[in-house]
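Student: Numbered by mature numbering (1 follows the signal peptide of the UniProt record, and there is no 0), the letters in the sequence shown go through residues -19 to -1, 1 to 424 in order.
Positions of the beta carbon are idealized from the N, C-alpha and C atoms, including for glycine.
Let me begin by handing over the structure; questions about it come next.
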Amino acid sequence: MKSLISLTYLIVLLFFAEAINPPTAVLDLSEKFLDVKDEGMWFVEFYAPWCAHCKRLHPVWDQVGHALSDSNLPIRVGKLDCTRFPAVANKLSIQGYPTIMFFRNGHAIDYRGGREKESLVSFAKRCAAPIIEAVKENQLGKIKLSARSQPSFVFFGDSSGPLFDAFSDAANAKFSVARFYSVSPSENESTLRQRVVVYKDNAEIEFNGEMSTLKDWVTRERWPGFLQATSSNLAEMGASGKLIVLIVSSESQKFNATSPVREFHKIAEESSNEMRKHPALWNRFQFAWLDGSDLASQIQMATVSESHLFIFNYTSYEYYLSEDEPGQMTIKSILTFLEQTADAIDKGTVIAFGGRHLLTRMKRMVFELYWNIAQMFATQPLLSSCLFGVPIAFLSIICYSICSADFTVDRDEFYGDEDEILDEEEGDELDNSEIDENHEKAE
(Lines of atoms letter the chains of each structure in order from A and count residues from 1; the text may use other names and numbers.)
(Lines give C-alpha, C1' and ligand atoms only; values in the text may rest on other atoms or scores of the structure.)
Protein backbone atom coordinates (compact mmCIF):
# COMPACT_ATOMS: atom_id res chain seq x y z
CA MET A 1 0.00 0.00 0.00
CA LYS A 2 2.82 2.40 0.89
CA SER A 3 4.59 1.63 -2.38
CA LEU A 4 1.39 2.41 -4.30
CA ILE A 5 1.02 5.76 -2.51
CA SER A 6 4.68 6.57 -3.18
CA LEU A 7 4.28 5.70 -6.85
CA THR A 8 1.17 7.88 -7.13
CA TYR A 9 2.97 10.75 -5.39
CA LEU A 10 5.92 10.40 -7.80
CA ILE A 11 3.61 10.46 -10.83
CA VAL A 12 1.90 13.62 -9.54
CA LEU A 13 5.28 15.29 -9.02
CA LEU A 14 6.40 14.38 -12.52
CA PHE A 15 3.12 15.71 -13.94
CA PHE A 16 3.48 19.07 -12.22
CA ALA A 17 7.17 19.30 -13.14
CA GLU A 18 6.29 18.75 -16.79
CA ALA A 19 3.45 21.29 -16.58
CA ILE A 20 5.78 23.92 -15.10
CA ASN A 21 8.71 23.12 -17.41
CA PRO A 22 7.24 21.55 -20.56
CA PRO A 23 9.63 19.69 -22.88
CA THR A 24 11.10 21.83 -25.61
CA ALA A 25 13.10 21.31 -28.78
CA VAL A 26 14.88 24.65 -28.34
CA LEU A 27 18.48 24.53 -27.15
CA ASP A 28 19.81 26.99 -24.57
CA LEU A 29 23.06 28.26 -26.08
CA SER A 30 26.16 29.75 -24.48
CA GLU A 31 29.36 31.43 -25.66
CA LYS A 32 30.42 28.08 -27.18
CA PHE A 33 27.92 28.74 -29.96
CA LEU A 34 30.60 30.80 -31.70
CA ASP A 35 32.64 27.60 -32.08
CA VAL A 36 29.84 25.59 -33.71
CA LYS A 37 27.82 28.18 -35.67
CA ASP A 38 29.73 27.32 -38.86
CA GLU A 39 28.74 23.66 -38.59
CA GLY A 40 25.44 22.80 -40.23
CA MET A 41 22.28 24.88 -39.92
CA TRP A 42 21.12 26.87 -36.88
CA PHE A 43 17.99 28.93 -36.29
CA VAL A 44 18.66 31.14 -33.26
CA GLU A 45 16.77 33.74 -31.26
CA PHE A 46 18.95 36.31 -29.47
CA TYR A 47 17.00 37.78 -26.56
CA ALA A 48 17.14 39.66 -23.26
CA PRO A 49 15.08 38.51 -20.22
CA TRP A 50 13.70 42.01 -19.59
CA CYS A 51 12.46 42.48 -23.18
CA ALA A 52 8.64 42.33 -23.42
CA HIS A 53 8.76 41.42 -27.13
CA CYS A 54 11.08 38.51 -26.32
CA LYS A 55 8.69 37.23 -23.66
CA ARG A 56 5.84 37.22 -26.16
CA LEU A 57 8.00 35.40 -28.70
CA HIS A 58 9.15 32.60 -26.35
CA PRO A 59 6.04 30.37 -26.61
CA VAL A 60 5.97 30.85 -30.40
CA TRP A 61 9.66 29.99 -30.56
CA ASP A 62 9.02 26.74 -28.69
CA GLN A 63 6.36 25.87 -31.28
CA VAL A 64 8.84 26.64 -34.06
CA GLY A 65 11.34 24.28 -32.43
CA HIS A 66 8.79 21.46 -32.29
CA ALA A 67 7.61 22.07 -35.88
CA LEU A 68 11.13 21.99 -37.33
CA SER A 69 12.01 18.96 -35.21
CA ASP A 70 8.97 17.08 -36.55
CA SER A 71 9.88 18.03 -40.13
CA ASN A 72 13.09 15.95 -39.89
CA LEU A 73 15.15 18.80 -41.33
CA PRO A 74 18.77 19.10 -40.14
CA ILE A 75 18.02 22.43 -38.42
CA ARG A 76 18.93 23.03 -34.79
CA VAL A 77 16.77 25.64 -33.08
CA GLY A 78 18.26 27.57 -30.16
CA LYS A 79 18.05 30.71 -28.09
CA LEU A 80 20.78 32.75 -26.46
CA ASP A 81 20.56 35.19 -23.55
CA CYS A 82 22.62 38.20 -24.64
CA THR A 83 22.74 39.62 -21.09
CA ARG A 84 24.60 36.51 -19.90
CA PHE A 85 26.81 36.18 -22.96
CA PRO A 86 27.47 39.73 -24.23
CA ALA A 87 30.59 38.59 -26.08
CA VAL A 88 28.43 36.60 -28.50
CA ALA A 89 26.13 39.58 -29.05
CA ASN A 90 29.11 41.84 -29.78
CA LYS A 91 30.70 39.32 -32.12
CA LEU A 92 27.49 38.90 -34.15
CA SER A 93 26.60 42.64 -34.00
CA ILE A 94 23.26 42.12 -32.24
CA GLN A 95 21.68 45.59 -32.01
CA GLY A 96 18.16 44.89 -30.70
CA TYR A 97 15.98 42.25 -29.11
CA PRO A 98 14.72 39.89 -30.19
CA THR A 99 17.04 39.29 -33.15
CA ILE A 100 16.43 36.13 -35.19
CA MET A 101 19.15 34.74 -37.45
CA PHE A 102 19.60 31.63 -39.56
CA PHE A 103 23.11 30.22 -39.91
CA ARG A 104 23.84 28.00 -42.90
CA ASN A 105 27.38 26.67 -42.79
CA GLY A 106 28.61 29.96 -41.35
CA HIS A 107 26.54 32.19 -43.62
CA ALA A 108 24.32 34.38 -41.39
CA ILE A 109 20.88 35.43 -42.66
CA ASP A 110 18.81 38.01 -40.77
CA TYR A 111 15.09 37.41 -40.39
CA ARG A 112 12.90 40.50 -40.79
CA GLY A 113 9.46 38.98 -41.28
CA GLY A 114 6.49 38.52 -38.99
CA ARG A 115 6.74 36.70 -35.69
CA GLU A 116 4.06 34.13 -36.35
CA LYS A 117 4.91 30.45 -36.24
CA GLU A 118 4.04 29.89 -39.91
CA SER A 119 6.27 32.74 -41.14
CA LEU A 120 9.22 31.61 -39.04
CA VAL A 121 8.94 27.95 -40.07
CA SER A 122 8.55 28.88 -43.75
CA PHE A 123 11.66 31.08 -43.58
CA ALA A 124 13.70 28.30 -41.95
CA LYS A 125 12.60 25.75 -44.55
CA ARG A 126 13.55 28.10 -47.40
CA CYS A 127 16.97 28.66 -45.89
CA ALA A 128 17.51 24.93 -45.42
CA ALA A 129 16.39 23.94 -48.90
CA PRO A 130 18.91 23.39 -51.73
CA ILE A 131 20.00 26.72 -53.12
CA ILE A 132 19.16 25.58 -56.65
CA GLU A 133 16.83 22.60 -56.78
CA ALA A 134 16.99 20.46 -59.92
CA VAL A 135 13.50 19.54 -61.19
CA LYS A 136 11.94 17.99 -64.26
CA GLU A 137 9.66 19.75 -66.70
CA ASN A 138 6.63 17.80 -65.50
CA GLN A 139 7.10 19.39 -62.05
CA LEU A 140 6.69 22.94 -63.32
CA GLY A 141 2.94 22.87 -62.74
CA LYS A 142 3.47 22.38 -59.01
CA ILE A 143 6.05 25.18 -58.98
CA LYS A 144 3.62 27.54 -60.71
CA LEU A 145 0.97 26.81 -58.08
CA SER A 146 3.33 27.57 -55.20
CA ALA A 147 4.53 30.72 -57.00
CA ARG A 148 1.15 32.38 -56.42
CA SER A 149 2.26 33.29 -52.91
CA GLN A 150 6.05 33.15 -53.32
CA PRO A 151 7.70 33.94 -56.70
CA SER A 152 9.96 31.18 -58.05
CA PHE A 153 12.95 31.63 -60.38
CA VAL A 154 13.70 28.87 -62.88
CA PHE A 155 16.74 28.32 -65.07
CA PHE A 156 16.21 26.34 -68.28
CA GLY A 157 19.07 24.64 -70.10
CA ASP A 158 22.43 23.04 -69.35
CA SER A 159 23.80 23.89 -65.91
CA SER A 160 26.90 25.54 -67.29
CA GLY A 161 27.97 28.74 -68.99
CA PRO A 162 27.96 32.45 -68.05
CA LEU A 163 24.17 32.71 -67.66
CA PHE A 164 24.04 29.79 -65.23
CA ASP A 165 26.97 31.26 -63.27
CA ALA A 166 25.08 34.56 -62.96
CA PHE A 167 21.97 32.63 -61.92
CA SER A 168 23.98 30.78 -59.25
CA ASP A 169 25.37 34.05 -57.88
CA ALA A 170 21.85 35.50 -57.62
CA ALA A 171 20.59 32.30 -55.96
CA ASN A 172 23.41 32.34 -53.39
CA ALA A 173 22.54 35.94 -52.51
CA LYS A 174 18.74 35.57 -52.40
CA PHE A 175 18.03 31.93 -51.55
CA SER A 176 16.57 32.91 -48.17
CA VAL A 177 13.81 35.04 -49.73
CA ALA A 178 12.96 33.15 -52.94
CA ARG A 179 13.05 29.66 -54.45
CA PHE A 180 15.42 28.78 -57.29
CA TYR A 181 15.08 25.82 -59.65
CA SER A 182 16.90 24.46 -62.68
CA VAL A 183 15.38 22.40 -65.50
CA SER A 184 17.80 20.39 -67.60
CA PRO A 185 17.03 18.93 -71.04
CA SER A 186 15.18 15.64 -70.95
CA GLU A 187 16.50 12.48 -72.52
CA ASN A 188 14.43 13.11 -75.65
CA GLU A 189 15.81 16.65 -76.04
CA SER A 190 19.38 17.23 -77.08
CA THR A 191 19.39 20.91 -76.14
CA LEU A 192 17.21 23.40 -74.29
CA ARG A 193 17.49 27.13 -74.81
CA GLN A 194 19.15 28.74 -71.80
CA ARG A 195 16.91 31.30 -70.19
CA VAL A 196 15.78 32.52 -66.76
CA VAL A 197 12.13 33.11 -65.92
CA VAL A 198 10.17 34.01 -62.82
CA TYR A 199 6.75 32.59 -62.07
CA LYS A 200 4.49 34.90 -60.11
CA ASP A 201 0.94 36.26 -60.24
CA ASN A 202 -0.08 33.41 -62.59
CA ALA A 203 2.36 34.71 -65.19
CA GLU A 204 5.76 33.82 -66.64
CA ILE A 205 8.24 36.69 -66.98
CA GLU A 206 11.52 36.11 -68.80
CA PHE A 207 14.77 37.90 -68.05
CA ASN A 208 16.00 39.86 -71.07
CA GLY A 209 18.71 42.09 -69.63
CA GLU A 210 22.46 41.91 -69.34
CA MET A 211 23.84 39.02 -67.30
CA SER A 212 25.51 41.46 -64.92
CA THR A 213 22.09 42.81 -63.97
CA LEU A 214 20.50 39.43 -63.22
CA LYS A 215 20.93 39.78 -59.45
CA ASP A 216 19.24 43.20 -59.48
CA TRP A 217 16.43 41.77 -61.59
CA VAL A 218 15.89 39.00 -59.05
CA THR A 219 15.78 41.61 -56.28
CA ARG A 220 13.09 43.57 -58.13
CA GLU A 221 10.99 40.57 -59.14
CA ARG A 222 11.05 38.63 -55.88
CA TRP A 223 7.80 40.24 -54.71
CA PRO A 224 4.29 39.47 -55.97
CA GLY A 225 2.72 42.23 -58.03
CA PHE A 226 0.27 43.24 -55.28
CA LEU A 227 1.14 42.22 -51.73
CA GLN A 228 0.41 43.33 -48.20
CA ALA A 229 2.96 45.78 -46.82
CA THR A 230 3.94 45.78 -43.15
CA SER A 231 6.49 47.65 -41.10
CA SER A 232 8.78 44.58 -41.29
CA ASN A 233 8.83 44.06 -45.08
CA LEU A 234 8.58 47.70 -46.18
CA ALA A 235 12.34 48.19 -45.88
CA GLU A 236 13.02 45.06 -47.97
CA MET A 237 10.64 46.28 -50.67
CA GLY A 238 12.43 49.62 -50.66
CA ALA A 239 15.76 47.81 -51.05
CA SER A 240 14.59 46.56 -54.46
CA GLY A 241 15.08 50.08 -55.81
CA LYS A 242 11.44 50.45 -56.79
CA LEU A 243 9.05 53.15 -55.67
CA ILE A 244 6.23 51.64 -53.62
CA VAL A 245 2.63 52.47 -54.54
CA LEU A 246 0.87 52.10 -51.19
CA ILE A 247 -2.87 51.51 -51.04
CA VAL A 248 -4.51 52.20 -47.68
CA SER A 249 -7.17 49.51 -47.41
CA SER A 250 -8.71 47.23 -44.79
CA GLU A 251 -8.63 43.46 -44.44
CA SER A 252 -12.10 43.42 -42.96
CA GLN A 253 -13.60 45.61 -45.70
CA LYS A 254 -12.09 43.71 -48.64
CA PHE A 255 -14.93 41.21 -48.60
CA ASN A 256 -17.73 43.70 -48.01
CA ALA A 257 -19.50 44.01 -51.38
CA THR A 258 -21.01 47.41 -50.54
CA SER A 259 -17.87 48.99 -49.11
CA PRO A 260 -16.09 51.71 -51.14
CA VAL A 261 -12.82 50.43 -49.64
CA ARG A 262 -13.34 47.09 -51.39
CA GLU A 263 -14.04 48.80 -54.72
CA PHE A 264 -10.92 50.95 -54.42
CA HIS A 265 -8.84 47.92 -53.43
CA LYS A 266 -10.07 46.08 -56.52
CA ILE A 267 -9.21 49.01 -58.82
CA ALA A 268 -5.70 49.20 -57.35
CA GLU A 269 -5.15 45.46 -57.86
CA GLU A 270 -6.32 45.67 -61.47
CA SER A 271 -3.98 48.64 -61.97
CA SER A 272 -1.10 46.47 -60.75
CA ASN A 273 -1.98 43.80 -63.32
CA GLU A 274 -2.33 46.40 -66.07
CA MET A 275 1.04 47.92 -65.18
CA ARG A 276 2.74 44.69 -66.29
CA LYS A 277 1.98 45.70 -69.87
CA HIS A 278 4.10 48.83 -69.41
CA PRO A 279 7.74 47.73 -68.85
CA ALA A 280 8.93 51.23 -67.95
CA LEU A 281 6.42 51.42 -65.10
CA TRP A 282 6.78 47.74 -64.13
CA ASN A 283 10.54 48.15 -63.58
CA ARG A 284 10.05 51.28 -61.48
CA PHE A 285 6.99 50.74 -59.26
CA GLN A 286 5.78 48.09 -56.83
CA PHE A 287 2.15 47.93 -55.69
CA ALA A 288 1.36 47.05 -52.06
CA TRP A 289 -1.58 47.53 -49.71
CA LEU A 290 -1.79 48.40 -46.03
CA ASP A 291 -4.27 46.92 -43.58
CA GLY A 292 -5.37 50.09 -41.83
CA SER A 293 -4.00 53.62 -41.89
CA ASP A 294 -1.57 53.53 -38.96
CA LEU A 295 1.62 53.05 -40.98
CA ALA A 296 0.50 55.53 -43.66
CA SER A 297 -0.24 58.14 -40.99
CA GLN A 298 3.23 57.71 -39.50
CA ILE A 299 4.84 58.11 -42.92
CA GLN A 300 2.84 61.23 -43.80
CA MET A 301 2.80 62.60 -40.22
CA ALA A 302 -0.91 63.25 -40.56
CA THR A 303 -4.15 61.37 -40.10
CA VAL A 304 -4.81 59.25 -43.18
CA SER A 305 -8.20 57.70 -43.83
CA GLU A 306 -9.26 54.68 -45.84
CA SER A 307 -9.19 54.64 -48.89
CA HIS A 308 -5.98 56.36 -49.93
CA LEU A 309 -3.14 56.05 -52.46
CA PHE A 310 0.35 57.53 -52.44
CA ILE A 311 3.82 56.73 -53.79
CA PHE A 312 6.53 56.12 -51.20
CA ASN A 313 10.31 56.27 -51.69
CA TYR A 314 11.76 54.33 -48.77
CA THR A 315 15.35 55.40 -49.54
CA SER A 316 14.64 59.12 -49.09
CA TYR A 317 11.47 58.64 -47.03
CA GLU A 318 9.66 61.01 -49.38
CA TYR A 319 6.14 60.48 -50.64
CA TYR A 320 4.13 61.81 -53.56
CA LEU A 321 0.38 62.49 -53.59
CA SER A 322 -2.17 62.47 -56.39
CA GLU A 323 -4.53 65.37 -56.99
CA ASP A 324 -7.43 62.98 -57.62
CA GLU A 325 -9.72 61.87 -54.84
CA PRO A 326 -9.68 58.10 -54.22
CA GLY A 327 -13.34 57.79 -55.19
CA GLN A 328 -12.59 59.35 -58.58
CA MET A 329 -9.56 57.20 -59.44
CA THR A 330 -9.65 54.68 -62.26
CA ILE A 331 -7.09 52.26 -63.66
CA LYS A 332 -6.16 54.77 -66.35
CA SER A 333 -5.84 57.70 -63.91
CA ILE A 334 -3.63 55.67 -61.56
CA LEU A 335 -1.27 54.66 -64.37
CA THR A 336 -1.23 58.27 -65.61
CA PHE A 337 -0.30 59.43 -62.11
CA LEU A 338 2.59 56.94 -62.07
CA GLU A 339 3.84 58.09 -65.47
CA GLN A 340 3.67 61.76 -64.49
CA THR A 341 5.45 61.12 -61.20
CA ALA A 342 8.24 59.14 -62.86
CA ASP A 343 8.69 61.85 -65.50
CA ALA A 344 8.73 64.63 -62.87
CA ILE A 345 11.33 62.75 -60.79
CA ASP A 346 13.58 62.41 -63.84
CA LYS A 347 13.23 66.12 -64.61
CA GLY A 348 13.60 67.18 -60.97
CA THR A 349 10.26 68.97 -60.90
CA VAL A 350 8.35 66.59 -58.66
CA ILE A 351 6.67 67.92 -55.50
CA ALA A 352 7.82 65.65 -52.68
CA PHE A 353 6.68 65.57 -49.07
CA GLY A 354 8.45 64.19 -46.04
CA GLY A 355 12.12 63.27 -46.33
CA ARG A 356 15.01 62.73 -43.96
CA HIS A 357 16.03 66.32 -43.22
CA LEU A 358 16.82 67.21 -39.62
CA LEU A 359 13.72 69.36 -39.16
CA THR A 360 11.52 66.65 -40.72
CA ARG A 361 13.04 64.00 -38.48
CA MET A 362 12.32 66.09 -35.40
CA LYS A 363 8.77 66.64 -36.58
CA ARG A 364 8.38 62.89 -37.18
CA MET A 365 9.65 62.09 -33.68
CA VAL A 366 7.10 64.46 -32.15
CA PHE A 367 4.29 63.07 -34.30
CA GLU A 368 5.18 59.45 -33.49
CA LEU A 369 5.16 60.29 -29.79
CA TYR A 370 1.75 61.93 -30.16
CA TRP A 371 0.47 59.06 -32.31
CA ASN A 372 1.62 56.36 -29.87
CA ILE A 373 0.00 58.14 -26.93
CA ALA A 374 -3.20 58.63 -28.91
CA GLN A 375 -3.24 54.94 -29.83
CA MET A 376 -2.71 54.00 -26.19
CA PHE A 377 -5.74 56.03 -25.12
CA ALA A 378 -7.79 54.65 -28.04
CA THR A 379 -7.06 51.01 -27.24
CA GLN A 380 -6.58 51.08 -23.44
CA PRO A 381 -8.26 54.25 -22.12
CA LEU A 382 -8.44 53.17 -18.47
CA LEU A 383 -4.87 51.92 -18.26
CA SER A 384 -3.55 54.97 -20.13
CA SER A 385 -5.48 57.31 -17.84
CA CYS A 386 -3.89 55.69 -14.80
CA LEU A 387 -0.46 55.61 -16.42
CA PHE A 388 -0.47 59.31 -17.26
CA GLY A 389 -3.04 60.65 -14.80
CA VAL A 390 -1.43 59.52 -11.54
CA PRO A 391 2.01 61.12 -12.18
CA ILE A 392 0.37 64.28 -13.54
CA ALA A 393 -1.89 64.54 -10.48
CA PHE A 394 1.08 64.01 -8.18
CA LEU A 395 3.11 66.71 -9.94
CA SER A 396 0.10 69.03 -9.88
CA ILE A 397 -0.20 68.69 -6.10
CA ILE A 398 3.51 69.46 -5.69
CA CYS A 399 3.29 72.50 -7.98
CA TYR A 400 0.17 73.75 -6.22
CA SER A 401 1.80 73.37 -2.82
CA ILE A 402 4.85 75.30 -3.97
CA CYS A 403 2.86 78.08 -5.64
CA SER A 404 0.34 78.51 -2.82
CA ALA A 405 2.88 78.50 0.02
CA ASP A 406 3.26 81.83 1.92
CA PHE A 407 6.92 82.83 1.95
CA THR A 408 6.35 86.41 3.29
CA VAL A 409 8.04 87.24 6.60
CA ASP A 410 6.38 89.42 9.25
CA ARG A 411 8.55 92.43 10.03
CA ASP A 412 7.75 92.07 13.76
CA GLU A 413 9.49 88.70 13.77
CA PHE A 414 12.78 90.48 13.13
CA TYR A 415 12.25 93.95 14.64
CA GLY A 416 9.51 93.40 17.19
CA ASP A 417 6.83 95.95 18.15
CA GLU A 418 7.84 99.60 17.61
CA ASP A 419 6.36 100.66 20.99
CA GLU A 420 8.47 98.11 22.81
CA ILE A 421 11.58 99.35 20.99
CA LEU A 422 10.83 102.98 21.95
CA ASP A 423 10.23 102.02 25.62
CA GLU A 424 13.52 100.16 25.68
CA GLU A 425 15.34 103.18 24.19
CA GLU A 426 13.74 105.56 26.77
CA GLY A 427 14.70 103.20 29.58
CA ASP A 428 18.29 103.15 28.38
CA GLU A 429 18.38 106.97 28.32
CA LEU A 430 17.03 107.18 31.92
CA ASP A 431 19.62 104.71 33.12
CA ASN A 432 22.39 106.71 31.47
CA SER A 433 21.16 109.97 33.03
CA GLU A 434 21.04 108.41 36.52
CA ILE A 435 24.57 107.18 36.08
CA ASP A 436 25.74 110.68 35.14
CA GLU A 437 24.03 112.28 38.22
CA ASN A 438 25.58 109.77 40.58
CA HIS A 439 28.94 110.41 39.05
CA GLU A 440 28.61 114.20 39.62
CA LYS A 441 27.61 113.74 43.27
CA ALA A 442 30.59 111.52 43.82
CA GLU A 443 32.87 114.30 42.62
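Could you pull out every residue in the same chain whose Cβ sits closer than 6 Å to the Cβ of Leu173, ignoring the five residues on either side in sequence?
Tutor: Excluding residues within five positions, the ones whose Cβ falls inside 6 Å are Phe137, Gly138 and Pro166.
Student: Measuring alpha carbon to alpha carbon, tell me which residue in Ala249, Val229, Gln309 and Pro260 is nearest Ser286.
Tutor: For Ser286, the nearest C-alpha among the options comes from Val229.
Student: Using C-beta distances below 8 Å, list every residue in its chain close to Ala210, excluding the 5 sequence neighbours before and after it, in chain order.
Tutor: Excluding residues within five positions, the ones whose Cβ falls inside 8 Å are Met218, Ile225, Leu227, Ala269, Trp270, Leu271 and Leu276.
Student: Is there contact here, the stretch 31 to 49 with the stretch 89 to 101, by at least three beta-carbon pairs under 8 Å?
Tutor: With the cut-off at 8 Å, the stretch 31 to 49 and the stretch 89 to 101 touch.
Student: Could you tell me whether the Cβ of Asp51 comes closer than 8 Å to any Cβ of chain D?
Tutor: In the structure shown, chain D cannot be found, because there is only a single protein chain.
Student: To the nearest angstrom, how far is it from the Cα of Ser52 to the Cα of Leu121?
Tutor: Cα-Cα distance, rounded: 24 Å.
Student: Quick one: what's Phe293 bridged to in DSSP?
Tutor: Paired residues: Ile225 and Tyr300.
Student: Nearest-angstrom Cα distance between Lys18 and Ala154?
Tutor: Lys18 and Ala154: Cα-Cα distance of roughly 19 Å.
Student: Short check: CB of Ser297 to CB of Arg337, under 8 Å?
Tutor: Yes, they are a contact pair.
Student: Exposed or buried, Thr80, counting other C-beta atoms within 10 Å across all chains shown (16 or more means buried)?
Tutor: Looking at its Cβ environment, which holds 16 or more other Cβ atoms inside 10 Å, Thr80 is buried.
Student: Whose C-alpha, out of Ala323, Phe318, Glu299 and Thr311, is nearest the C-alpha of Arg342?
Tutor: Measuring from the Cα of Arg342, the nearest candidate turns out to be Glu299.
Student: So, at 7 Å on beta carbons, what are the nonlocal neighbours of Ser140 in its own chain, with the 5 sequence-adjacent residues on each side left out?
Tutor: Same-chain partners within the cutoff: Ser163 and Ser165.
Student: Hey, how far is the Cα of Leu(-6) from the Cα of Leu61?
Tutor: With a pLDDT of 41 at Leu(-6), under the threshold of 50, the modelled position of that residue is not reliable, and the figure given next carries that caveat. Their Cα atoms are separated by approximately 27 Å.
Student: Taking the Cβ atom as the reference point for each residue, do Arg203 and Ala147 lie within a distance shorter than 8 Å?
Tutor: Cβ distance not < 8 Å, so Arg203 and Ala147 don't count as in contact.
Student: Work out the CA separation of Gln76 and Lys117 for me, nearest whole Å.
Tutor: Computed Cα separation, rounded: 44 Å.
Student: From which residue to which residue does the beta strand (DSSP E) around Thr80 run?
Tutor: Here the beta strand (DSSP E) through Thr80 covers Thr80 to Arg85.
Student: Taking only runs that begin and end inside the stretch 120 to 205, name each unbroken beta strand (DSSP E) of 3 or more residues, in chain order.
Tutor: Within the stretch 120 to 205, the complete beta strand (DSSP E) runs of at least 3 residues are 133 to 137, 160 to 164, 176 to 181 and 184 to 187.
Student: Tell me, please, which residues DSSP counts as bridged to Met22.
Tutor: DSSP lists Ile56 and Arg85 as partners of Met22.
Student: Contact between the stretch 233 to 242 and the stretch 187 to 197 is defined here as three or more beta-carbon pairs at a separation below 8 Å; is this criterion met?
Tutor: No, the stretch 233 to 242 is not in contact with the stretch 187 to 197.
Student: Check this for me: beta carbons of Phe27 and Tyr78, under 8 Å apart or not?
Tutor: Cβ distance < 8 Å, so Phe27 and Tyr78 count as in contact.
Student: If we count the other Cβ atoms within 10 Å of its Cβ and call it buried at 16 or more, is Tyr381 buried or exposed?
Tutor: With fewer than 16 other Cβ atoms within 10 Å, it is exposed.
Student: Need the endpoints of the alpha helix (DSSP H) that Ala115 sits in, please.
Tutor: Element bounds for Ala115: not the alpha helix (DSSP H) but the beta strand (DSSP E), Glu114 to Val116.
Student: Express the C-alpha separation of Lys181 and Asn119 in angstroms, rounding to a whole number.
Tutor: For Asn119 and Lys181, the distance between alpha carbons rounds to 18 Å.
Student: For Ile124 and Gln131, what's the separation of their Cα atoms in angstroms?
Tutor: Rounded to the nearest angstrom, the two C-alpha atoms are 10 Å apart.
Student: If you count every other CB in all the chains shown that lies within 10 Å of the CB of Leu364, and 16 or more means buried, which is it?
Tutor: Flag for Leu364 reads exposed.
Student: Give the straight-line distance between the Cα atoms of Asn264 and Leu38, rounded to the nearest whole angstrom.
Tutor: Rounded to the nearest angstrom, the two C-alpha atoms are 37 Å apart.
Student: From the DSSP secondary-structure annotation, give me the bridge partner or partners of Tyr28.
Tutor: Partner(s): Asp62.
Student: Could you check if Arg176 is buried or exposed, using at least 16 other CB atoms within 10 Å of its CB as the buried criterion?
Tutor: It counts as exposed.
Student: Tell me whether Ser230 sits in a helix, a strand or coil according to DSSP, three-state version.
Tutor: Here Ser230 sits in strand by DSSP.
Student: Is the Cβ-Cβ distance between Pro55 and Gly87 less than 8 Å?
Tutor: No, Cβ-Cβ distance for Pro55 and Gly87 is not below 8 Å.
Student: On a Cα-Cα basis, can you pick out the residue from Ile332, Glu306, Thr200 and Ala325 that is closest to Ser242?
Tutor: According to the sequence displayed, residue 242 carries Val and not Ser. Among Ile332, Glu306, Thr200 and Ala325, the Cα nearest to that of Val242 is on Glu306.
Student: On the criterion of 16 or more Cβ atoms from any shown chain inside 10 Å, does Gly370 qualify as buried, or is it exposed?
Tutor: Counting Cβ neighbours within 10 Å, Gly370 comes out exposed, since fewer than 16 surround it.
Student: Based on the DSSP secondary-structure assignment, which residues constitute the bridge partners of Gly329?
Tutor: BP columns for Gly329 are empty, so no partner.
Student: Given this structure, state the Cα-to-Cα distance separating Ala355 from Thr200, to the nearest angstrom.
Tutor: Looking at the two C-alpha atoms, the distance is approximately 37 Å.
Student: If you follow the beta strand (DSSP E) that Leu208 is part of, which residue opens it and which one closes it?
Tutor: Element bounds for Leu208: Phe207 to Gln209.
Student: Determine whether the beta carbon atoms of Gly206 and Ser240 lie at a separation below 8 Å.
Tutor: Going by C-beta atoms, Gly206 is not nearer than 8 Å to Ser240.
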